[in-house]
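Written out below as structure tokens is the structure these notes cover.
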Amino acid sequence: MKLSMSCVCRQAVQPQVNFQGSKGNINFEPLFPLKDKVVIVMGATGTGKSRLAIDLATRFPAEIVNSDKIQVFKGLDIATNKVTEEECKGIPHHLLGVVEPSSNFTATDFRIRAAKAVESIVSRDRLPIIAGGSNSYIEALVNGVDSDFQERYDCCFLWVDVSLPVLYSFVSERVDRMIEMGLVDEVRQIFDPEADNSRGIRRAIGVPELDEYLRAEGIVDEKTRVKYLEAAIDKIKDNTWKLACRQYQKINKFYNNRKTHHIDATEVFRKGGRRNADEVWEKVVARRTTRIVRKFLNTEVRVATINDAAAAAVINAKSLPLPQPPARGNRTPQSQLIYHH
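Going by my numbering, the first residue of the sequence shown is number 52, and it counts up by one from there.
Now the structure itself:
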């Protein structure tokens, strides 16, 4: 079923509407929103941020801006857990695999480029969805020095959360799957004993951890090589888990400082079998966040501000024609969104 929504997502400044009531004047505030809308999806590694962003982008006309500080770099698709072309479902992704691997890409660089991406998306009357686990990037964009993001955009923050004990098991299993997918070979292709693993894409979990193994694999016997590899895999799991905990702590602090919708996806990760997990995801995560975003986009018209003497005239206010926003060339309002269910 398709449900067409008339959502007032763009706000153009409107003149006040003044008319004479039976006992006084009624001064209406501007009836149109003032800011464009942006959805921001946060969560620790492995919780399903990218999946949720894509799910939402298939239900609303939207494009996704990656905010993961490692996924912005080109290469190492397995190590960085980039979404595949198939998983993207045709949704445009910005700042995903676009930065040169050896570059020193900073939070300030992200703020500048993400702001441009959001502005571009809005100019095409689509909803920007920012998704990623790098909270320092989100902070730089939303609250950074010289950032006017909050002044320009109305943000809906979504936190996809999974209880830490459940997430721990998932993270460990995901690393095993990455090994099966060819993580070691992928890292081997960029291995350089002289390289600085604290810079660019080489900071990705998996690169520093496999360094000792890759240095030794050609000069040690098979038994020793296996031990080196097992130790490297354990380090990858341990460091991935530590990253998830750090991200959780930062997001929790972020959550306590501003209105954020908390989405508990723990039940999804507890379900055995892909089919059962997908059904629970749709029910517990996808549908709920769709309702949240739909409500967020469907901004209500502001209520008139009146004095007591003019209160009686409010009864007829709903029958008054609303002032139209000023012409914006040939642009279609961002508010013309379609919800697909």
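Glycine included, every Cβ here is placed at the ideal spot set by N, Cα and C. None of these values were measured; they are calculated from a predicted model.
With DSSP as the reference, identify every bridge partner of residue i, one or two as the case may be.
| i | result |
| --- | --- |
| K88 | D205 |
| V116 | H145 and I181 |
| V150 | F124 |
| D212 | D315 |
| M93 | W210 |
Looking at the secondary structure, which residues open and close the beta strand (DSSP E) in which residue i lies?
| i | result |
| --- | --- |
| D315 | H312 to D315 |
| P179 | L178 to A182 |
Using the rule of at least 16 other Cβ atoms within 10 Å of the residue's Cβ for burial, across every protein chain shown, is residue i buried or exposed?
| i | result |
| --- | --- |
| A282 | exposed |
| T98 | buried |
| E330 | exposed |
| H313 | exposed |
| E202 | exposed |
| N307 | exposed |
| R326 | exposed |
| A378 | Any answer about A378 is weak, because its pLDDT of 49 lies below 50 and its placement is not dependable; what the coordinates show is given next. The residue is exposed, with fewer than 16 neighbouring Cβ atoms inside 10 Å. |
| N155 | exposed |
| D119 | buried |
| R102 | buried |
| T96 | buried |
| A182 | buried |
| E114 | buried |
| Q298 | buried |
| K100 | buried |
| I270 | exposed |
| T157 | exposed |
| Q300 | exposed |
| K133 | buried |
| T135 | exposed |
| S220 | exposed |
| S214 | exposed |
| V277 | exposed |
| V196 | exposed |
| I91 | buried |
Tell me which residues share the same chain as residue i and place their Cβ nearer than 7 angstroms to its Cβ, disregarding the 5 neighbours each side in the sequence.
| i | result |
| --- | --- |
| E260 | A283, K286, I287 and N290 |
| R239 | L265 |
| G233 | I129 |
| P152 | F124, K125, G126, G251 and I252 |
| R339 | I314 |
| K140 | I105 and T109 |
| E237 | L127, I129 and A130 |
| K322 | A328 and V331 |
| V217 | T317, F320 and R321 |
| P244 | R266 |
| V235 | L261 |
| H144 | I115 and N117 |
So, at 6 angstroms on beta carbons, what are the nonlocal neighbours of residue i in its own chain, with the 5 sequence-adjacent residues on each side left out?
| i | result |
| --- | --- |
| K293 | none |
| D315 | D212 |
| M229 | I129 |
| M93 | W210 and I302 |
| E231 | none |
| T341 | R110 |
| V354 | Here V354 scores only 34 on pLDDT, less than 50, and its place in the model is too uncertain to base an answer on. |
Can you name the start and end residues of the alpha helix (DSSP H) that residue i belongs to?
| i | result |
| --- | --- |
| G129 | Gly is not the amino acid found at residue 129; the sequence shown has Ile there. Where I129 is concerned, there is no enclosing alpha helix (DSSP H), given that its DSSP letter is neither H nor E. |
| F161 | A158 to S174 |
| E190 | N186 to N194 |
| A104 | K100 to A108 |
| D247 | Note, D247: premise wrong, no alpha helix (DSSP H); not H, not E. |
| D197 | D197 -> no alpha helix (DSSP H), and no H or E assigned at all. |
| D236 | L234 to I241 |
Residue i: beta carbon under 7 angstroms from a heavy atom of the ligand ATP?
| i | result |
| --- | --- |
| E138 | This structure does not include the ligand ATP; it has no bound ligands of any sort. |
Less than 8 angstroms between C-beta atoms, sequence neighbours within five positions excluded: which residues of the same chain meet that for residue i?
| i | result |
| --- | --- |
| N248 | R254, V258, P259 and D262 |
| S198 | R162, A166, A191 and L192 |
| I343 | C207, L209 and H312 |
| V222 | T96, G97, K288, T291, W292 and A295 |
| G148 | Q122, V123, F124, K125, G126, D128 and K133 |
Taking only beta-carbon atoms, is residue i less than 8 angstroms away from chain D?
| i | result |
| --- | --- |
| Y306 | The chain labelled as chain D is not found in the depicted structure, where only one protein chain is given. |
Every unbroken beta strand (DSSP E) within the stretch 252-338, with a cutoff of 3 residues, ordered by chain:
Entirely contained in the stretch 252-338, the beta strand (DSSP E) runs reaching 3 residues are, in chain order, 312-315.
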